[in-house]
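**Student:** Sending over a structure as structure tokens; questions will come in a sec.
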């Protein structure tokens, strides 16, 4: 929430508006006085890394009554405030909408009572409202992610990871209860991210006789050598008849029927606290910017809207439509229309549910497909690779294929370092960082002949390549080798996994979110140390080769003053301007600066001459007597670490989607008893594009690639850079030509028959 407050304040001030804080939620709006204060630029500094909300929030009974809303209207009219930005859950947003609908009649009553003049009423004749959804349950329809959801998942996963290590020592069953009274999002994603044995969510109660089924599955897992069973329960879980299912009930059931040592943990309010994740800070910041734009463009005719994110695009949705669909879910659940409830929750919820269902069924089919699918990791290791391998292996086994693990990249493929990999062979992999299969940067071109011999020897019918830019290049080289080597005419799919996020054909790559969180938490610590010493500028070098994704996003998440990257050319004038900007900044209450610069592990790629050392020397010299300078090169720590919930989930979905695609492709290319695939669309990159996972032929992506600098020719995130500059108080023009238009949720409504 604080990131959203900070962005709204700063962009508001940037556009020339006066911005006010309302402390303590609607209660502050009703009580007025000191609760409504003018905000300044400095008043929101050092806020990004704080959880909760600095302006306070409160549940308010007064605002529910008309006289309470009348007092609130009076306070706003007296200050000449006609634009209200509300950050909260569906209750707060519904209240805001009601307030807006009554506005005209409230003013009439205030004039009648002699509290305001006709002139004041005329000046404030219309109230604009824009909402941002802040709710850790992610229970608001029409938004992919609400502010706070990702951070709550971070808290939950930290606990799950801690619990799994203790369970490794004792054989145990763990039951974890997470928040979500009416929405199972947190429970569902947690179950996916930790490979839970069972999940209970309110939208989809278990079938009749689930008690026996659950016990069978737990016993089955133990028999397969698993020392640990994990069951995730949403606090609103219930059975088909609407009776609540509590973690205590499940504990009794397991102990009575199986005699397993069982422990329950109820997470409670831990989930609301802690530092916001990088994703939430960027989401909050982007929503804040979009909210101000929506308010400035609002007319009396436009409906109150919420700003939200769909895929990686900011969208505006009519507030009441979202509230309506959110209510429809509750109705569907009350009427036991479970399938509808899941559909109404939206595409991403449905995908999560389907992926979970597929991975949870352990019984592999009796009939084997006699297909061999090999999986290989390429390039530098990154967090989330193992999650992708795990789901690919398990989905493959469910499809009846034999899954083969290739160790040490294309080199291992050439040398035949290949072995079968089983269902239990990948258990517990979702939460492991790095690459369990082992990876190398070597490209296949020098081994093409050996690779084709290996493919023939092991009878490999299809290849899943997980990795970064080398995986993409390697895929291209294998496709080019098809003319000469018939063995390479098999379906192939590349899954982008690299901290640099520089693979063409995908807006995101596995591993980038984890790296971003690592950089952000490091920057937080550095800023904290600077806050103690005053007047200090830090220059931090991040990874990424020529790709500036991490520097830009970390700049947004950590509140940097500048991020120098290769794609956004900079010269000596820009550096001078930035130094001058910091000199001015140090004269205000804000006494620290943070500069990020994209270099790579091998060379400082963002500019051959303006290296980190050069920039450090420049700032040190120019800042003499005003501020001192320190530099930090982050290096390989950015590749490591435990994968974040996003990367575990993204990896899991990508792995399963890739293997399902391969299964279909193999049917298409099977002719006369053999597999032969040499069309461009039989070798693809699986990528996240705007709002969907799509397969794009490697050959077609060549046009979109800058091979010299190993980056895509265009990048969606470049348009976020102006936001970072504005939030750091640069006077630049913001291109709003790409602003979001109002969309509608209703078209997704399911027929209710």
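Numbering (the working numbering), first residue to last: 27 to 779.
Cβ coordinates follow ideal geometry from the N, Cα and C atoms, glycine included.
Residues bridged to residue 466 by DSSP?
**Tutor:** In the DSSP output, where bridge partners are listed per residue, residue 466 has 404.
**Student:** Here's the rule: buried if 16 or more other CB atoms are within 10 angstroms of the residue's CB, otherwise exposed. What is residue 702?
**Tutor:** Exposed, by the Cβ-count rule.
**Student:** Check residue 120 in the structure and name its three-state DSSP category.
**Tutor:** Note: residue 120 maps to helix in three-state DSSP.
**Student:** Pull the bridge partners of residue 712 from the DSSP assignment, please.
**Tutor:** Answer is 721, bridged to residue 712.
**Student:** Just to confirm my understanding: we take residue 288, look at its own chain, exclude 5 residues before and 5 after, and list those with CB closer than 6 Å. What are they?
**Tutor:** Only 199, 277, 280 and 281 meet the Cβ criterion.
**Student:** Can you grab the Cα-Cα spacing for the pair residue 719 / residue 444, in whole Å?
**Tutor:** If I take the Cα positions, the gap works out to 29 Å.
**Student:** Give the straight-line distance between the Cα atoms of residue 246 and residue 240, rounded to the nearest whole angstrom.
**Tutor:** Roughly 10 Å separates the two Cα atoms.
**Student:** Please return the same chain residues whose Cβ sits closer than 6 Å to the Cβ of residue 440, not counting the five positions on each side in sequence.
**Tutor:** Only 473, 476 and 477 meet the Cβ criterion.
**Student:** Alpha carbons only, please: which of 223, 88 and 334 is nearest the one belonging to residue 113?
**Tutor:** The option with the nearest alpha carbon to residue 113 is 334.
**Student:** Which residues does DSSP pair with residue 488 in a beta bridge?
**Tutor:** Looking at the DSSP assignment, residue 488 forms a beta bridge with 399.
**Student:** Thinking C-beta only, is residue 672 closer than 8 Å to residue 375?
**Tutor:** No; because the gap between Cβ atoms is not below 8 Å, this pair is not in contact.
**Student:** Is DSSP giving residue 199 helix, strand or coil here?
**Tutor:** Residue 199 falls in the strand class under three-state DSSP.
**Student:** Rounded to the nearest angstrom, what separates residue 863 and residue 152 at their Cα positions?
**Tutor:** Residue 863 is absent from the model: the chain starts at 27 and stops at 779.
**Student:** Give, in chain order, every unbroken run of the alpha helix (DSSP H) that is at least 4 residues long and sits entirely within the stretch 30 to 96.
**Tutor:** The qualifying runs are 51 to 57.
**Student:** From the DSSP output, in three-state form, read off residue 732 for me.
**Tutor:** Reduced to three states, the DSSP call for residue 732 is strand.
**Student:** Would you identify the three-state DSSP class for residue 299, choosing helix, strand or coil?
**Tutor:** In the structure shown, residue 299 sits in coil (DSSP, three-state: anything other than H, G, I, E or B).
**Student:** So for residue 166, helix, strand or coil by DSSP?
**Tutor:** Looking at residue 166 - three-state DSSP - the assignment turns out to be coil, as it is neither helix nor strand.
**Student:** Spell out a yes or no on whether the stretch 39 to 55 and the stretch 323 to 337 are touching, meaning 3 or more CB-CB pairs, one atom from each, closer than 8 Å.
**Tutor:** No: fewer than three Cβ pairs fall under 8 Å.
**Student:** Relative to the C-alpha of residue 504, which residue among 494, 489 and 493 is closest?
**Tutor:** Checking every option, the nearest Cα to that of residue 504 belongs to 489.
**Student:** Identify every run of the alpha helix (DSSP H) within the stretch 495 to 564, keeping only runs that are complete inside it and at least 4 residues long; order them along the chain.
**Tutor:** Complete alpha helix (DSSP H) runs here, min 4: 495 to 506 and 538 to 559.
**Student:** Report the rounded CA-to-CA distance for residue 243 versus residue 448, giving the unit in angstroms.
**Tutor:** Computed Cα separation, rounded: 18 Å.
**Student:** Just reading off the alpha helix (DSSP H) that residue 674 is part of, what are its end residues?
**Tutor:** Run containing residue 674: 671 to 695, per the alpha helix (DSSP H) assignment.
**Student:** For residue 168, which of 578, 354, 747 and 576 has the nearest alpha-carbon?
**Tutor:** Out of 578, 354, 747 and 576, 354 has the C-alpha closest to the C-alpha of residue 168.
**Student:** Can you tell me whether residue 431 is helix, strand or coil according to DSSP?
**Tutor:** Reduced to three states, the DSSP call for residue 431 is strand.
**Student:** Which first and last residues belong to the beta strand (DSSP E) in which residue 209 is found?
**Tutor:** Looking at the DSSP string, residue 209 is not in any beta strand (DSSP E), and its letter there is neither H nor E.
**Student:** Taking the alpha-carbon positions, what's the residue 217 to residue 543 distance?
**Tutor:** C-alpha separation (whole angstroms): 22 Å.
**Student:** Pick out whichever of 502, 60 and 410 has its Cα sitting closest to the Cα of residue 726.
**Tutor:** Cα-wise, what sits closest to residue 726 is 502.
**Student:** Apply the 10 Å Cβ neighbour rule to residue 553 and answer buried if 16 or more other Cβ atoms are within range, or exposed otherwise.
**Tutor:** Buried, because 16 or more other Cβ atoms sit within 10 Å of the Cβ of residue 553.
**Student:** Figure out for me which residue from 269, 460 and 309 has the closest Cα to the Cα of residue 583.
**Tutor:** For residue 583, the nearest C-alpha among the options comes from 309.
**Student:** Excluding the 5 residues preceding and the 5 following residue 621 in the sequence, name in chain order all residues of the same chain whose CB lies nearer than 8 Å to its CB.
**Tutor:** Result list for residue 621: 563, 564, 565, 566, 586, 587, 588, 589, 590, 604, 641 and 645, in chain order.
**Student:** Quick one: any contact between the stretch 338 to 350 and the stretch 62 to 71, if contact means 3 or more CB pairs under 8 Å?
**Tutor:** No, they do not touch.
**Student:** Determine contact between the stretch 258 to 277 and the stretch 204 to 219, defined as no fewer than three beta-carbon pairs at a distance below 8 Å.
**Tutor:** Yes: the two stretches touch, three or more of their Cβ pairs being nearer than 8 Å.
**Student:** Report all residues from its chain with a CB closer than 6 Å to the CB of residue 460; omit the five preceding and five following residues, and keep chain order.
**Tutor:** Excluding residues within five positions, the ones whose Cβ falls inside 6 Å are 407.
**Student:** Which ranges would you report for the alpha helix (DSSP H) in the stretch 312 to 396 if only whole runs of at least 4 residues count?
**Tutor:** Listed in chain order, they are 345 to 360, 364 to 370 and 373 to 386.
**Student:** Roughly how many whole angstroms lie between the Cα atoms of residue 693 and residue 384?
**Tutor:** About 20 Å.
**Student:** Is there contact here, the stretch 734 to 747 with the stretch 568 to 581, by at least three beta-carbon pairs under 8 Å?
**Tutor:** Taking 8 Å as the limit for Cβ pairs, the verdict is that the stretch 568 to 581 does touch the stretch 734 to 747.
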